[in-house]
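Asker: The number in this note's numbering is simply the position in the sequence shown, starting from 1, with 9 added. All C-beta atoms, glycine included, are put in the ideal place defined by N, C-alpha and C. Sharing a structure below in structure tokens format, with a few things to ask.
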Amino acid sequence: RQLLDGVVEEYDGHRLMVRDPDPAALNARLVQAGVRVTSLGAERRTLEDVVMAAATASGDRFGAEP
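Have a look at this one:
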């Protein structure tokens, strides 16, 4: 857990999502610590995901409290 301190975004029991500016270095740290890494890849958000995240984070929605 110390290896991933501050970079874990989500964990669902099967998949671990992390945010790190250097995925190759993160992978190397995990492997050096004896962690078996089976897959490493970038998550691509769809345009819909981006729009929905922006819309739900907005405070200027109709009926929102000022």
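Got a sec? Which residues, its chain only, sit under 7 Å from Leu12 by beta carbon, not counting five neighbours each side?
Answerer: Position 3 of the sequence shown holds residue 12. Cβ neighbours of Leu12 beyond the five flanking positions: Arg38, Leu39, Ala42.
Asker: If distances are taken between C-alpha atoms only, which option among Asn36, Arg28, Asp21 comes closest to Arg53?
Answerer: Residue 53 sits at position 44 when you count from the first residue of the sequence shown. For Arg53, the nearest C-alpha among the options comes from Arg28.
Asker: Keeping to the same chain, check which residues put their C-beta closer than 7 Å to that of Leu49; ignore five residues upstream and five downstream.
Answerer: Translated into the one-based positions of the sequence shown, residue 49 becomes position 40. Cβ within range, chain order: Pro32, Asn36.
Asker: In chain order, which continuous runs of the alpha helix (DSSP H) of length 4 or greater are located wholly inside the region 10–64?
Answerer: For the region 10–64, the continuous alpha helix (DSSP H) assignments of 4+ residues that do not extend past its boundaries occur at 32–41, in sequence order.
Asker: Return the CA-CA distance between Leu25 and Glu57, expressed in angstroms with no decimal places.
Answerer: For this step, residue 25 is matched to residue 16 along the sequence shown. For this step, residue 57 is matched to residue 48 along the sequence shown. Going by the C-alpha atoms only, they are around 23 Å apart.
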